[in-house]
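Residue numbers (the working numbering): 4 to 489. Beta carbons are placed, not taken as given, at the ideal position from N, Cα and C, and that holds for glycine. Some notes on the structure that comes next.
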């Protein structure tokens, strides 16, 4: 593949990838519990100068990430004057950067053809498109993962000083999604052991450790100021609850099914047959060309991918749940290895038609699903939430009002922020905190615990009688006249 066609194809892939990720972003953005919580923290930073040492809470009770994600998205909130679409778009552009870096690393390890295939697979994947539109702390991780992998690739090819900034970026990755990035540590150590010469240069090792340690300082300081709350949570998770156990055979089959679904759904979500075809294609390319796939750089990618696959075999914490986004940091490595297998098959005339049919099926299947997503989005959208807020302000028509909302899991951070930003910026005021006659209740369905919503509505009926109501999609808004002022 010549340089000019390669660049042209890459340009088309990046352009299409940008369209998939940015089209109707403002309408379809999911602004839910986590997004509202994070936005309120950024609001206090930008408006009241409240700095912080920790970031979002993890899925493990009492364990918090570092603050990097908040400081990463804060400038975009500032640029957008509080509009959450701006940080969402900023993260999308990081995703586009990660697609380019995937191309770059695949080209360096293998060849330009593999680079284009890897960029195409990552850029056109429906699952990865919707993931990149998710305004959440794991979403920027692929970009920084690629920076780490490029740093490690430079390191194993003789540029030992690359380990210094690579170690620092690994620390930042831990602040984005610890459940994924924690496996960067054993993977990096294994890759270092492949280059035993580095252990002769103690200075590089010490400086790299210090670079990594610097990223832990905010959490260490927070832990000291709060009497070891993070240490206690880690101790409970690792020691008391024994979150990692030698129960290989009990979880082996379950984890293999999880791995299969997580990785091959990135290629063909929802199609069992095509996922099996993907597995067969990957296996064939890997078996036939394993020496070409497992080059020096290929071994690095394989180690990177294998670390969490082995680690989660022993993981029993958080009730044994292993979520899709736990693998965010290794999906790029999987995509590059998969692209290498396809690329080498494509070089053989006997397999060219089969590979081209596979790529066509991949493109048609994923683009169709992306098109369907662009019509309706997933779940409650920002457009629907803004409609509900507009309805309330227009109905109030300048009069004072209170607001109460029910949003699973019963904490309405999203609407607290949207009234603070959207309501105040468009209508010049927020809902009253003192009790007044006009009460607007807003609720979303709770399919998991409908009895909680039913109880909430019964309680609201004792506070105010419904005067009028309306709905937009799954959001219902009611105007009530207050009968109880307690």
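| Query | Result |
| --- | --- |
| Under three-state DSSP, which class holds residue 61? | coil |
| Taking only heavy atoms of the ligand SAM into account, decide whether any of them is closer than 7 Å to the Cβ of residue 185. | In the structure shown, the ligand SAM is absent, as is every other ligand, since no ligand is present at all. |
| Rounded to the nearest angstrom, how far is the Cβ of residue 306 from that of residue 194, given a contact under 8 Å? | 6 Å |
| Suppose you measure from the CA of residue 278 to the CA of residue 294; what does that come to, to the nearest Å? | 25 Å |
| Hey, how far is the Cα of residue 447 from the Cα of residue 36? | 12 Å |
| Report buried or exposed for residue 407, applying the criterion of at least 16 other Cβ atoms within 10 angstroms of its Cβ. | buried |
| Out of curiosity, what's the CA-to-CA distance linking residue 344 and residue 47? | 49 Å |
| Around the Cβ of residue 437, are there at least 16 other Cβ atoms within 10 angstroms (buried) or fewer (exposed)? | exposed |
| Residue 485 lies in the alpha helix (DSSP H); which residues open and close that run? | Per DSSP, residue 485 belongs to no alpha helix (DSSP H); it is in the beta strand (DSSP E), 478-485. |
| Just to confirm, is the Cβ distance from residue 348 to residue 287 under 8 Å? | yes |
| Residue 191: which of 212, 180, 206, 204 sits nearest, CA to CA? | 212 |
| Does the Cβ of residue 324 have 16 or more other Cβ atoms within 10 Å, making it buried, or fewer, making it exposed? | exposed |
| Excluding the 5 residues flanking residue 65 on each side, which residues of the same chain have their C-beta closer than 6 Å to its C-beta? | 236 |
| I'd like the span of the beta strand (DSSP E) that includes residue 35, first residue to last. | Neither: residue 35 is in no beta strand (DSSP E) and is coded neither H nor E. |
| Can you tell me where the alpha helix (DSSP H) with residue 213 in it begins and where it stops? | 205-217 |
| With a Cβ-Cβ cutoff of 8 Å, do residue 92 and residue 25 count as a contact? | yes |
| Any idea what DSSP makes of residue 41, helix, strand or coil? | helix |
| Am I right that residue 120 and residue 300 are in contact with their C-beta atoms under 8 Å? What's the rounded C-beta distance? | At roughly 16 Å, the Cβ-Cβ gap does not stay under 8 Å, so residue 120 and residue 300 are not in contact. |
| Once DSSP output is grouped into helix, strand and coil, what is the label at residue 232? | helix |
| Take residue 354 and list the residues in its own chain whose beta-carbon comes closer than 7 Å to its own, dropping the five residues that flank it on each side. | 348 |
| Measuring CB to CB, does residue 221 end up less than 8 Å from residue 70? | yes |
| Is residue 102 near residue 20, with beta carbons less than 8 Å apart? | yes |
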